[in-house]
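Peer 1: Protein chains in written order, with this note's numbering: chain R, 1 to 129; chain G, 130 to 366.
Just so it is clear, CB atoms sit at the ideal spot from N, CA and C, and this is done for glycine as well.
Got a structure for you, written out below as C-alpha cells; questions coming shortly.
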Amino acid sequence: MTERRLAVRLKVPDNTAYTALVALRRLGVPVARVERATLIVVAAADDSAALEGVRRDEALFNANLHEVELVRCSAPEAGEIWVRARDASSMQAWRLFDEDGAPVPRATLEWARDALLCNPAIETAVVGR
Amino acid sequence: MRSVAVLVFPGTNSEEETVRLLRVYGADARLVHWSCAQTLGEYDAYVLSGGFAYEDRIRAGAIAARDAMMDPVIDGARQGKLVMGICNGAQILLEAGLVPGSGDSRRPTAAFTRNVPPHFICKQVYVKLTVEPRRSIITAALAAGAVLPAWAAHGEGRLAAGAEQMAQIANENHLAFVYARADGRVDDAATPNGSALHCAGLVNRDGNVLALMPHPERVFPARSALFESFVKGVEAS
C-alpha cells in the first residue's frame with residue numbers, strides 16, 4: 001500500500017470558485033478564471049484501486065457532481081496554490097489563470113493568498129512557481 | 130434617536146429576530162440588504178446577524194468580510210461607531226480583521242473555525258462577561274461577571290489563532306465572553322465547541338466592536354441584557 005494524492009473537483013459549475021473569482025477581482029487581484037479542487041491522500045495498492053476507493057466513498061464523491069483524477073506532483077504547479085486548514089487532512093487546490101488562459105505569476109498567487117484564499121490564523125498555504 | 134443598521138448579506142438568516150430585539154430596547158433599527166449598501170454610511174451603528182453569508186464559501190465569513198458592504202462598517206468602526214456581530218456576523222468580523230483587531234483591516238489574525246468535535250451544534254448555553262463591563266461601551270450596562278443565556282447554533286465556533294495572537298487575546302483583554310454554566314462556573318463541559326480559552330466572544334482594542342458566537346436574540350421570551358446594553362451604548366456614543 002502506498003499513498004497517492006487525488007484531486008476531486010466538481011464537473012458542474014463551481015459556485016465557490018466563481019465567488020472567489022469575483023471577490024479576488026474586487027480586491028484588485030488580476031485574475032480571469034479560478035478553478036478549485038479538493039486534494040486528498042489515500043493509501044492504495046495501485047492507481048486504479050485509489051481511484052475506485054474514492055469513487056465508492058459517498059462522503060467524498062458523487063458521480064453526478066464530481067470527477068476524480070490522480071495528482072502526480074507533490075507540490076503545486078505554476079498558477080496553483082494549495083491551502084490546508086491546520087486541523088484538516090485534505091487541502092483545497094486553487095488554480096488561477098490570466099486573461100490569456102495562462103497560469104498567473106507567483107506574485108499574483110501570493111496576493112490572492114493574502115487577500116482571500118488563506119487565513120493564516122488557521123490555515124497554511126503553499127504557492128506554486 | 131440613533132440608527133442601527135442590521136446587515137443582510139445573501140445567506141443571512143437571523144435578521145428579523147435581531148432587528149425586532151433591538152427595537153424592543155428602543156433602537157431605530159432597520160434592515161439593510163446588500164443591494165442598498167450605499168446607505169450604510171448614514172447609520173450610527175451596525176449589527177451583523179447570524180446565517181451563512183455567501184454560503185460560507187471558502188471559509189465562514191470570508192467572502193462577506195471582503196464584500197463592498199463591509200467598507201462602511203470598517204470605516205465606521207475606525208471612527209468609533211459600535212459594531213456587534215453574532216454567530217456568522219462574528220465570523221465575518223474576525224475575517225475582516227476588526228476583531229481582535231490586532232491585524233490590518235481584512236487581514237485576519239484569528240478565526241472561529243470548525244468545532245471540536247467537528248459537528249454542528251444547536252443547544253442553549255450561557256456566556257459570562259469576563260472583562261470589566263466598561264472595557265467596552267457595548268457591555269458597559271451589564272453587571273460585572275454577568276451570565277447571559279444564549280443559543281449556540283454553529284459548526285464553526287471554536288476560537289483558533291497562532292500562539293502569539295492567542296497570547297495577545299488573553300493578555301490584552303480581548304476575551305469578552307466565555308462559555309459558562311448557569312451558575313457562572315467556567316469549564317470544558319460548559320464549552321460546546323472546544324473553543325480556545327472557552328471563548329464565546331471577543332472585543333477589539335477600542336471596545337467598540339464585539340463578536341459573539343452564540344445567539345442572545347434566540348432566547349425566549351425575547352429579552353437580552355446584552356442587546357439592551359448595546360442600545361444604551363449606541364445612544365451614549
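Would alanine 191 of chain G pass as an interface residue toward chain R - the criterion being a Cβ-Cβ separation below 8 Å?
Peer 2: To locate residue 191 of chain G, count along the second sequence from 1; it is residue 62. With a threshold of 8 Å between beta carbons, alanine 191 of chain G makes contact with chain R.
Peer 1: Establish whether the CB of glutamine 294 of chain G and some CB of chain R are separated by less than 8 Å.
Peer 2: Translated into positions along the second sequence, residue 294 of chain G becomes position 165. With 8 Å as the cut-off, glutamine 294 of chain G counts as an interface residue toward chain R.
Peer 1: Let me make sure I understand the geometry here. Which of G:Ile250, G:Val254 and G:Leu331 has the alpha-carbon closest to that of alanine 240 of chain G?
Peer 2: Here the question's residue 240 of chain G lines up with position 111 in the second sequence. Checked all of G:Ile250, G:Val254 and G:Leu331; the closest Cα to alanine 240 of chain G is G:Leu331.
Peer 1: Can you tell me which of R:Glu110, R:Val68, R:Ala115 and R:Val29 puts its alpha carbon nearest to the alpha carbon of arginine 36 of chain R?
Peer 2: Counted from its first residue, the first sequence places residue 36 of chain R at position 36. Checking every option, the nearest Cα to that of arginine 36 of chain R belongs to R:Val68.
Peer 1: Could you give the first and the last residue of the continuous alpha helix (DSSP H) run that contains valine 360 of chain G?
Peer 2: Mapped onto the second sequence, residue 360 of chain G falls at position 231. Start and end: 354-365.
Peer 1: Under 6 Å Cβ to Cβ from glycine 205 of chain G, same chain only, skipping five residues before and after it: list those, please.
Peer 2: Within the second sequence, residue 205 of chain G is the residue found at index 76, counting from 1. The answer is none, since no qualifying residue turns up.
Peer 1: Using CA coordinates, which residue listed in G:Arg263, G:Ser265 and G:Tyr255 is at the minimum distance from valine 276 of chain G?
Peer 2: The residue labelled residue 276 of chain G in the question sits at position 147 within the second sequence. Measuring from the Cα of valine 276 of chain G, the nearest candidate turns out to be G:Tyr255.
Peer 1: Going by beta carbon distance, what residues of the same chain come within less than 8 Å of alanine 325 of chain G, once the five residues before and after it are set aside?
Peer 2: Mapped onto the second sequence, residue 325 of chain G falls at position 196. Cβ within range, chain order: Arg287, Leu288, Ala289, Ala290 and Met295.
Peer 1: Just reading off the beta strand (DSSP E) that valine 148 of chain G is part of, what are its end residues?
Peer 2: Within the second sequence, the letter at position 19 stands for residue 148 of chain G. Looking at the DSSP string, valine 148 of chain G is not in any beta strand (DSSP E); the run it does join, the alpha helix (DSSP H), is 144-153.
Peer 1: Enumerated in chain order, which unbroken segments of the alpha helix (DSSP H) with a length of 4 residues or greater are wholly contained in the region 10-93 of chain R?
Peer 2: 15-26 and 47-56
Peer 1: What is the DSSP secondary structure of proline 278 of chain G, reduced to helix, strand or coil?
Peer 2: Against the second sequence, residue 278 of chain G aligns to sequence position 149. Residue state for proline 278 of chain G is assigned as strand, using DSSP reduced to three classes.
Peer 1: So, with DSSP's three-state summary, where would you put serine 265 of chain G?
Peer 2: For the purposes of this step, residue 265 of chain G is identified with residue 136 of the second sequence, where counting begins at 1. In this structure, serine 265 of chain G counts as coil in the three-state DSSP scheme.
Peer 1: Can you tell me the Cα-Cα spacing of isoleucine 81 of chain R and proline 350 of chain G, whole angstroms?
Peer 2: Numbered from its first residue, the first sequence carries residue 81 of chain R at position 81. Numbered from its first residue, the second sequence carries residue 350 of chain G at position 221. Whole-angstrom Cα-Cα distance: 49 Å.
Peer 1: Relative to the C-alpha of valine 338 of chain G, which candidate in G:His303, G:Ala281, G:Ile187 and G:Arg314 has its C-alpha closest?
Peer 2: Working through the second sequence from its first residue, we reach residue 338 of chain G at position 209. Out of G:His303, G:Ala281, G:Ile187 and G:Arg314, the CA that lies nearest to the CA of valine 338 of chain G is found in G:His303.
Peer 1: Put tyrosine 172 of chain G into one of helix, strand or coil per three-state DSSP.
Peer 2: In the second sequence, the residue the question calls residue 172 of chain G occupies position 43. DSSP places tyrosine 172 of chain G in coil when its eight states are reduced to three.
Peer 1: Return the bridge partner residues of arginine 159 of chain G from the DSSP annotation.
Peer 2: Working through the second sequence from its first residue, we reach residue 159 of chain G at position 30. Paired residue(s): G:Ala134.
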